[in-house]
Every structure is written in C-alpha cells, then in structure tokens.
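Enquirer:
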Amino acid sequence: LEVIRGWPNDGSLDNYETYVSGQSHVNGSVVIPTTSGAVTNLSVTGRGDTTALGTFGGVVFAGAGDSASCAASGKDVVIWGNAIIKIDTSLANTGWTPAIGDKVTYRGKAATGSTQTGLELVFDKVAAGDQVVGYVKNVEAAGTGTTTATAAVTIVLN
Numbered sequence: 007l008e009v010i011r012g013w014p015n016d017g018s019l020d021n022y023e024t025y026v027s028g029q030s031h032v033n034g035s036v037v038i039p040t041t042s043g044a045v046t047n048l049s050v051t052g053r054g055d056t057t058a059l060g061t062f063g064g065v066v067f068a069g070a071g072d073s074a075s076c077a078a079s080g081k082d083v084v085i086w087g088n089a090i091i092k093i094d095t096s097l098a099n100t101g102w103t104p105a106i107g108d109k110v111t112y113r114g115k116a117a118t119g120s121t122q123t124g125l126e127l128v129f130d131k132v133a134a135g136d137q138v139v140g141y142v143k144n145v146e147a148a149g150t151g152t153t154t155a156t157a158a159v160t161i162v163l164n
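First residue of the sequence shown: 7, per the numbering used here; consecutive thereafter.
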C-alpha cells in the first residue's frame with residue numbers, strides 16, 4: 007500500500023493507534039477500534055450500510071509486523087480516511103476486475119479466495135448492503151506508472 011496524497015500531510019484522518027496485544031498488523035491491514043480504544047483486525051465478510059461510522063475500518067500504513075518503530079512503540083499508523091492510496095492488486099478480491107469509478111468496500115479475505123499473507127480483509131467492489139469506503143480513481147497495468155512489477159489500483163478513501 008502506498009499513500010499518494012493525504013498522509014503525512016494534507017489532511018488525512020490518520021492516527022497512531024495502540025493495537026490489541028498479540029496482534030501484528032502490516033501495511034494494508036484493515037483494523038477497527040475496540041471498546042478499550044486499541045485497534046484490532048476487522049474480519050468480516052462485508053460491511054453493512056447500517057454499520058456505525060465509528061466501526062469503519064482504518065488501513066494500516068505501518069504496523070508492528072513490518073515496522074520496528076511501530077513494534078517498539080506498540081502503535082500502528084492507521085489511515086481512517088480522506089486519503090488517496092495505491093494498492094497492489096494482491097490486496098484486492100481475486101474475483102474483482104477493478105474499473106475506474108467502482109465503489110469500494112472491505113471484504114473478509116476468506117470470502118474472496120485471497121491468499122494475501124498477514125491480512126484479514128482485502129478491497130472489493132461494493133455489493134448490495136456493503137458500506138462504501140471509497141472509489142477507484144485509476145487502474146494501472148503491470149509495468150506502468152510508478153508500479154514496476156505488479157498491477158495497481160488507486161483508491162480515494164472517504
């Protein structure tokens with residue numbers, strides 16, 4: 007996951023968040039706050055429209071699983087919204103062919119057939135009843151733009 011705009015400047019909704027003991031989030035993990043205030047893996051098959059905004063998932067930019075400073079501090083860098091991100095297509099549902107303008111949600115990895123290591127959720131096209139977390143701004147084929155090896159999808163997070 008690469009942040010194109012919104013972090014660390016320009017007004018993204020981001021924060022350093024304490025994570026639940028025993029969890030090790032990595033770049034691209036999707037988390038939600040718990041009642042204790044710590045963040046935990048968001049592991050569901052879809053996000054319903056009736057889900058409160060407070061339980062919207064945030065995307066981990068740096069976590070204990072891939073950042074020594076996050077592991078030492080016990081905190082993840084979480085982007086909650088208002089940012090433009092670029093994801094490798096391995097962070098998307100294997101059954102989705104992203105197109106510009108697609109509305110995007112988070113979906114449980116098990117429901118998508120994804121084998122992405124370390125992540126509970128992946129990005130997917132919105133289906134009936136899903137909560138919209140952003141939309142596709144651009145799609146790049148492998149070897150184009152700033153992505154040299156794999157295809158990428160640029161997503162504007164709400």
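All residues carry an ideal CB built from backbone N, CA and C; glycine is no exception.
With Ala77 as the anchor, note down where its alpha helix (DSSP H) starts and where it stops.
Expert: Walking along the sequence shown from the start, residue 77 turns up at place 71. Counting along the chain, the alpha helix (DSSP H) containing Ala77 begins and ends at Ala74 to Ser79.
Enquirer: From this set, Val32, Thr100 and Gly135, which residue's C-alpha is nearest Ile85's C-alpha?
Expert: Within the sequence shown, numbered from 1, the residue matching residue 85 stands at position 79. Looking at the Cα atoms, Val32 is the closest of the given residues.
Enquirer: Can you tell me whether DSSP reads Asp55 as helix, strand or coil?
Expert: For this step, residue 55 is matched to residue 49 along the sequence shown. Any reading at Asp55 is ruled out, since the residue's pLDDT is 46, under 50, leaving its predicted position unreliable.
Enquirer: Quick check on Gly60: buried or exposed, where buried means 16 or more other Cβ atoms within 10 Å of its Cβ?
Expert: On the sequence shown, position 54 is the one that residue 60 refers to. Annotation note: pLDDT 43 at Gly60 (below 50); position unreliable, coordinate value reported separately. With fewer than 16 other Cβ atoms within 10 Å, it is exposed.
Enquirer: Can you tell me the Cα-Cα spacing of Val142 and Gly71, whole angstroms?
Expert: On the sequence shown, residue 142 is found 136 positions in, with the first residue counted as 1. On the sequence shown, residue 71 is found 65 positions in, with the first residue counted as 1. Each residue's alpha carbon lies about 27 Å from the other.
Enquirer: Below 8 Å between beta carbons: does that hold for Gly69 and Ser96?
Expert: On the sequence shown, position 63 is the one that residue 69 refers to. On the sequence shown, position 90 is the one that residue 96 refers to. Not a contact, by the Cβ cut-off of 8 Å.
Enquirer: Do Val110 and Ile91 have their C-beta atoms within less than 8 Å of each other?
Expert: Numbered from its first residue, the sequence shown carries residue 110 at position 104. Numbered from its first residue, the sequence shown carries residue 91 at position 85. Contact: no.
Enquirer: How long is the line joining the alpha carbons of Ala98 and Val45, rounded to whole angstroms?
Expert: Here residue 98 is taken as the residue at index 92 of the sequence shown, counted from 1. Here residue 45 is taken as the residue at index 39 of the sequence shown, counted from 1. Rounded to the nearest angstrom, the two C-alpha atoms are 22 Å apart.
Enquirer: Would the beta-carbon of Glu23 fall within 8 Å of that of Asp82?
Expert: As a working note, residue 23 is residue 17 in the sequence shown. As a working note, residue 82 is residue 76 in the sequence shown. Yes, they are a contact pair.
Enquirer: Once DSSP output is grouped into helix, strand and coil, what is the label at Thr41?
Expert: For the purposes of this step, residue 41 is taken as the residue at position 35 of the sequence shown. In this structure, Thr41 counts as coil in the three-state DSSP scheme.
Enquirer: Of all the beta strand (DSSP E) runs that stay within the bounds of the stretch 78-111, which reach a length of 3 or more residues?
Expert: 81-87 and 89-94
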